[in-house]
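Colleague: Provided herewith is a single structure, encoded as structure tokens, for subsequent inquiry.
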Amino acid sequence: MTAETAATAHRPRRSGRTRRPLLYIVASLGLLVMSAPFLWMALSAFKTKEDLTSTTPVWIPCRWTLENFTALLDQLDMPQYFLNSLIVAVLVTVSNLLFCSMLGYALAKLDFSGRSKVFGLVLAALMVPGNLMILPLYVLMNGLGLIDTYAGLVLPFAAGAFGVFLMRQFMLSVPDELLEAARLDGAGEWYIFWRIVMPLVKPALATLTIFTFLGSWNNFIWPLIATNDPGKYTLPVALATFANDPNRTVGGGNGMLMAGSLLVVLPVLAVFAVLQRHFTQGIATAGLK
Numbered sequence: 013m014t015a016e017t018a019a020t021a022h023r024p025r026r027s028g029r030t031r032r033p034l035l036y037i038v039a040s041l042g043l044l045v046m047s048a049p050f051l052w053m054a055l056s057a058f059k060t061k062e063d064l065t066s067t068t069p070v071w072i073p074c075r076w077t078l079e080n081f082t083a084l085l086d087q088l089d090m091p092q093y094f095l096n097s098l099i100v101a102v103l104v105t106v107s108n109l110l111f112c113s114m115l116g117y118a119l120a121k122l123d124f125s126g127r128s129k130v131f132g133l134v135l136a137a138l139m140v141p142g143n144l145m146i147l148p149l150y151v152l153m154n155g156l157g158l159i160d161t162y163a164g165l166v167l168p169f170a171a172g173a174f175g176v177f178l179m180r181q182f183m184l185s186v187p188d189e190l191l192e193a194a195r196l197d198g199a200g201e202w203y204i205f206w207r208i209v210m211p212l213v214k215p216a217l218a219t220l221t222i223f224t225f226l227g228s229w230n231n232f233i234w235p236l237i238a239t240n241d242p243g244k245y246t247l248p249v250a251l252a253t254f255a256n257d258p259n260r261t262v263g264g265g266n267g268m269l270m271a272g273s274l275l276v277v278l279p280v281l282a283v284f285a286v287l288q289r290h291f292t293q294g295i296a297t298a299g300l301k
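Here the sequence shown is numbered in the numbering used here, starting from 13 and rising by one per residue.
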């Protein structure tokens, strides 16, 4: 091997060594830019009024305090709003996991008349902007007498086209031979669905759980329209109402809003932390299909 050939052979390796630190630097800068608003919000929740109103931006609190949280709890019924959001988000998530999985299994593994048409309706529903459905949903829920109820907040989102599509795509990867073997052994469809298919699509279930819980927990427009009773407000609606209250400057002002926003974000971070392993596995599996 000549010197020129050896240099050529080692050039890609050196190029890779040079690019890797550059990629890390770019990724770190991107992470910093994306996380900066969250860090500002989290740190501002523990700042004093002087730090928040300073003409020079203060990133790290000069004096850490919990006054914003205590003032927020004094002025808002945060436990009730948190409970409302938790009830709605959990019910919406559980119903989506159940109904979307059932329909996804039927579309992926059961042969019935009109299956392709049903799947076409699911794809068509994905293309409809959600805001267009607000007025028909309100008329329907109002006609059923479900305004200002938990049912009125949950039922419109009990199943989603995205969830059906996601579960159907994942369930297509389950081998048909495995299901046929179970049927030959006398297993029914319900047993196959619960005991065979569902354990094999845990990454998809984790992904659907995160997206559904996040969407329901942060949902603002529909709870704002469907609730007139402050006792049924969810956290985003309660905080938005509080933000427009002229008396909110008493006891901390924007600091209380930052504290409330941090309380809204924490449950979502907790859900993601618990399901992170299955979520990343689901994304990786989806990339291999």
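Glycine included, each C-beta is placed from N, C-alpha and C at the ideal position.
Return yes when the Cβ of Val276 is within less than 8 Å of the Cβ of Leu236, no when it is not.
Modeller: Within the sequence shown, numbered from 1, the residue matching residue 236 stands at position 224. Within the sequence shown, numbered from 1, the residue matching residue 276 stands at position 264. Not in contact: Leu236 and Val276 (Cβ atoms no closer than 8 Å).
Colleague: In terms of residue numbering, what span does the alpha helix (DSSP H) encompassing Cys74 cover?
Modeller: Your numbering for residue 74 matches position 62 in the sequence shown. Looking at the DSSP string, Cys74 is not in any alpha helix (DSSP H), and its letter there is neither H nor E.
Colleague: If you scan the stretch 84-111 from start to end, which runs of the alpha helix (DSSP H) of 4 or more residues do you find wholly inside it?
Modeller: Qualifying alpha helix (DSSP H) stretches: none in this window.
Colleague: Please classify Tyr117: does DSSP put it in a helix, a strand, or coil?
Modeller: Translated into positions along the sequence shown, residue 117 becomes position 105. It is helical.
Colleague: CB-CB under 7 Å to Ala101, same chain, minus the five flanking residues each way: which ones, in chain order?
Modeller: The sequence position of residue 101 within the sequence shown is 89, counting from 1. The answer, listed in chain order, is Phe225, Ser228, Trp229.
Colleague: May I ask you to verify whether the stretch 174-187 touches the stretch 118-138, counting CB pairs closer than 8 Å and requiring at least 3?
Modeller: The stretch 174-187 is in contact with the stretch 118-138.
Colleague: Consult DSSP for Met270 and reduce its assignment to one of helix, strand or coil.
Modeller: For the purposes of this step, residue 270 is taken as residue 258 along the sequence shown, with counting starting at 1. In the structure shown, Met270 sits in a helix (DSSP, three-state: H, G or I).
Colleague: What's the C-alpha gap between Thr221 and Val280?
Modeller: Counted from its first residue, the sequence shown places residue 221 at position 209. Counted from its first residue, the sequence shown places residue 280 at position 268. Going by the C-alpha atoms only, they are around 11 Å apart.
Colleague: Exposed or buried, which one is Leu109 when buried takes at least 16 other CB atoms within 10 Å?
Modeller: Taking the sequence shown and counting its residues from 1, the one referred to as residue 109 is at position 97. The residue in question, Leu109, is buried, as its Cβ has 16 or more Cβ neighbours within 10 Å.
Colleague: Say whether the stretch 88-108 touches the stretch 241-255, bearing in mind that this needs 3 or more beta-carbon pairs closer than 8 Å, one atom from each stretch.
Modeller: Touching, yes.
Colleague: Expressed to the nearest angstrom, what Euclidean distance is found between the alpha-carbon atoms of Ala246 and Phe177?
Modeller: Looking up residue 246 in the sequence shown gives position 234. Looking up residue 177 in the sequence shown gives position 165. Note that residue 246 is Thr in the sequence shown, not Ala. Using only the alpha carbons, I get a separation of about 28 Å.
Colleague: Looking at Ile72 and Tyr162, is the spacing between their C-beta atoms short of 8 Å?
Modeller: Within the sequence shown, numbered from 1, the residue matching residue 162 stands at position 150. Within the sequence shown, numbered from 1, the residue matching residue 72 stands at position 60. Taking 8 Å as the Cβ cut-off, Tyr162 and Ile72 do not qualify as a contacting pair.
Colleague: What do you get for Pro215, buried or exposed, if any count of 16 or more other CB atoms within 10 angstroms of its CB means buried?
Modeller: Within the sequence shown, the letter at position 203 stands for residue 215. That one is buried.
Colleague: Please tell me whether Ala271 and Asn80 are closer than 8 Å, where the distance is taken between their beta carbons.
Modeller: As a position in the sequence shown, residue 271 is number 259, starting the count at 1. As a position in the sequence shown, residue 80 is number 68, starting the count at 1. Contact: yes.
Colleague: Which residue marks the beginning of the alpha helix (DSSP H) containing Thr219, and which one marks its end?
Modeller: Sequence index remark: in the sequence shown, residue 219 carries index 207 (1-based). That run of the alpha helix (DSSP H) goes 214-229.
Colleague: Looking only at its own chain, which residues have a Cβ that is under 6 Å from the Cβ of Phe182, when we skip the five neighbours before and after it?
Modeller: The sequence position of residue 182 within the sequence shown is 170, counting from 1. Closer than 6 Å at the Cβ level, and outside the excluded window around Phe182, lie Val213, Ala216.
Colleague: I believe Tyr96 touches Asp160 by the beta-carbon criterion, under 8 Å. Please report the beta-carbon distance rounded to the nearest angstrom.
Modeller: The sequence position of residue 96 within the sequence shown is 84, counting from 1. The sequence position of residue 160 within the sequence shown is 148, counting from 1. Residue identity check: residue 96 is Asn in the sequence provided, not Tyr. Actually they are not in contact, since the Cβ atoms of Asn96 and Asp160 sit about 11 Å apart, beyond 8 Å.
Colleague: Starting from the C-beta of Ala57, find all residues in its chain whose C-beta is less than 8 Å away, skip the five residues before and the five after it, and write them out in chain order.
Modeller: Indexing the sequence shown from 1 puts residue 57 at position 45. Hits under 8 Å: Asn80, Phe81, Gly267, Met270, Ala271, Ser273, Leu274.
Colleague: Would the beta-carbon of Ala171 fall within 8 Å of that of Ala137?
Modeller: Here residue 171 is taken as the residue at index 159 of the sequence shown, counted from 1. Here residue 137 is taken as the residue at index 125 of the sequence shown, counted from 1. Cβ atoms of Ala171 and Ala137: not closer than 8 Å.
Colleague: By how many angstroms is the C-alpha of Leu191 removed from the C-alpha of Arg207?
Modeller: Within the sequence shown, numbered from 1, the residue matching residue 207 stands at position 195. Within the sequence shown, numbered from 1, the residue matching residue 191 stands at position 179. Roughly 11 Å separates the two Cα atoms.
Colleague: Quick one: using the 10 Å Cβ neighbour count with 16 as the cut-off for buried, is Ala48 buried or exposed?
Modeller: Locating residue 48 in the sequence shown gives position 36, where the first residue counts as 1. Per the 10 Å Cβ criterion, exposed.
Colleague: Do Thr65 and Thr77 have their CB atoms nearer than 8 Å?
Modeller: Here the question's residue 65 lines up with position 53 in the sequence shown. Here the question's residue 77 lines up with position 65 in the sequence shown. For Thr65 and Thr77, no; Cβs fall outside 8 Å.
Colleague: Using only the alpha-carbon positions, how far apart do Ile233 and Met153 sit?
Modeller: Position 221 of the sequence shown, counted from the start, is the residue given in the question as residue 233. Position 141 of the sequence shown, counted from the start, is the residue given in the question as residue 153. Taking the straight line joining both Cα atoms gives about 15 Å.
Colleague: Enumerate in chain order the residues of its own chain whose CB-to-CB distance from Leu158 is below 6 Å, with the five nearest sequence positions on each side excluded.
Modeller: For the purposes of this step, residue 158 is taken as the residue at position 146 of the sequence shown. Gly164, listed in sequence order.
Colleague: Using the beta-carbon count (16 or more within 10 Å), is Asp63 buried or exposed?
Modeller: As a position in the sequence shown, residue 63 is number 51, starting the count at 1. Buried.
Colleague: For Leu149, name the three-state secondary structure that DSSP assigns.
Modeller: Here residue 149 refers to the residue found at position 137 when the sequence shown is read from its first residue. Helix at Leu149.
Colleague: Does the beta-carbon of Leu115 have 16 or more other beta-carbons within 10 angstroms, so that it is buried, or is it exposed?
Modeller: The residue you call residue 115 lines up with position 103 of the sequence shown. When all chains shown are included, Leu115 counts as buried.
Colleague: Just verifying my parser: in three-state terms, what is the DSSP assignment at Asp63?
Modeller: The residue labelled residue 63 in the question sits at position 51 within the sequence shown. Three-state result, Asp63: helix.
Colleague: Quick one: what's got a C-beta closer than 8 Å to Met210's C-beta in the same chain, skipping five residues either side?
Modeller: Locating residue 210 in the sequence shown gives position 198, where the first residue counts as 1. Excluding residues within five positions, the ones whose Cβ falls inside 8 Å are Ser113, Leu217.
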